[in-house]
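Below: the structure, in structure tokens.
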Amino acid sequence: MNEDCIFCKIVSKKAGAVTVFEDEHSLAFLDIHPLNPGHTLVVPKKHYPSMVEMPPEEVGRVFVSVAKVMRGVMKASKADGINIGQSNGRAASQEVFHMHVHVIPRYIHELPGGFPERKMASETDLEQIGRKIKAAIGS
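As structure tokens, then:
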């Protein structure tokens, strides 16, 4: 664990987050600045600054979790599609240096492409969509 890493603090329960999925290797929680309601981050429990530093088998384990979370987010948010995003390094716009994958619900009415403006989500909104995603992953 990296003591200065917010995602490590979330994994170790030293910082709060609305968790929607957890297994032995990964944790998924809602982004507090979502592009859309249900925007979820999937992180490895072990600290890696980016995917570049991860052993391939660890990358595979995270993406097994991404597949489960993606299905849950899509079902719970009634999205028309999903964007999966992952950045490595400052030049690629990585902001938190703990490898993470964005799972972002998308809707037909958002066409043409691009992303909506990110706004701070309320705790109530996060909890509400979080319960729906948890239930959808479990089904």
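So the sequence shown is numbered by the working numbering: it starts at 2 and just counts up by one. Glycine included, every Cβ here is placed at the ideal spot set by N, Cα and C.
I'd like the list of long-range same chain contacts for Val19, defined as Cβ closer than 7 Å, with 5 residues on each side in sequence excluded. Sequence index remark: in the sequence shown, residue 19 carries index 18 (1-based). Cβ within range, chain order: Phe30, Leu31, Leu127, Glu128, Gly131.
Can you find the residues in the same chain that come closer than 7 Å, C-beta to C-beta, to Lys46, ignoring five residues on each side of it along the sequence? Taking the first residue of the sequence shown as position 1, residue 46 is located at position 45. These residues qualify, in order along the chain: Val12, His26, Ser27, Leu28.
In the structure shown, what three-state DSSP assignment does Glu23 receive? For the purposes of this step, residue 23 is taken as residue 22 along the sequence shown, with counting starting at 1. Correct three-state label for Glu23: strand.
Let me check one thing: in DSSP terms, what residues is Phe30 bridge-paired to? Position 29 of the sequence shown, counted from the start, is the residue given in the question as residue 30. Partner(s): Thr20, Leu42.
Closer than 7 Å by C-beta to Lys69: which residues in its own chain qualify, once you throw out the five before and the five after it? Chain order, please. Taking the first residue of the sequence shown as position 1, residue 69 is located at position 68. Closer than 7 Å at Cβ, skipping near neighbours: Phe22, Ile138.
Of the residues Met52, Met2, Val43, Gly90, which one's Cα is nearest the Cα of Ile74? The sequence position of residue 74 within the sequence shown is 73, counting from 1. Here residue 74 turns out to be Val, not Ile, going by the sequence shown. It is Val43 whose Cα lies nearest to the Cα of Val74.
Confirm, please, whether the CB-CB distance from Phe98 to Ser51 is below 8 Å. For the purposes of this step, residue 51 is taken as residue 50 along the sequence shown, with counting starting at 1. For the purposes of this step, residue 98 is taken as residue 97 along the sequence shown, with counting starting at 1. Going by C-beta atoms, Ser51 is nearer than 8 Å to Phe98.
With a threshold of 8 Å on Cβ separation, who are the neighbours of Ser78 within its own chain once the five nearest residues in sequence on each side are excluded? If you number the sequence shown from 1, residue 78 lands on position 77. Only Asn37, Pro38, Gly39, Pro106, Ile130, Lys133, Ile134 meet the Cβ criterion.
I'd like the list of long-range same chain contacts for Gln95, defined as Cβ closer than 7 Å, with 5 residues on each side in sequence excluded. As a position in the sequence shown, residue 95 is number 94, starting the count at 1. The residues are Ser51, Ser88, Asn89.
Let me check one thing: in DSSP terms, what residues is His101 bridge-paired to? One-based indexing of the sequence shown puts residue 101 at position 100. Per DSSP, none; premise fails for His101.
Between the CA atoms of Arg72 and Ala136 - distance to the nearest angstrom: Along the sequence shown, one-based indexing puts residue 136 at 135. Along the sequence shown, one-based indexing puts residue 72 at 71. When rounded, the separation of the alpha-carbon atoms in Ala136 and Arg72 is 11 Å.
Alpha carbon to alpha carbon, what distance is there between Leu112 and Gly17? Sequence index remark: in the sequence shown, residue 17 carries index 16 (1-based). Sequence index remark: in the sequence shown, residue 112 carries index 111 (1-based). Cα to Cα, the separation comes out at about 34 Å.
DSSP state of Gly90 mapped onto helix, strand, coil: The count along the sequence shown starts at 1 and reaches residue 90 at position 89. Reduced to three states, the DSSP call for Gly90 is coil.
Got a sec? Which residues, its chain only, sit under 8 Å from Ile83 by beta carbon, not counting five neighbours each side? For the purposes of this step, residue 83 is taken as residue 82 along the sequence shown, with counting starting at 1. For Ile83, where only same-chain residues beyond five positions count, the Cβ hits under 8 Å are Met71, Val74, Met75, Val104, Ile105, Pro106, Arg107.
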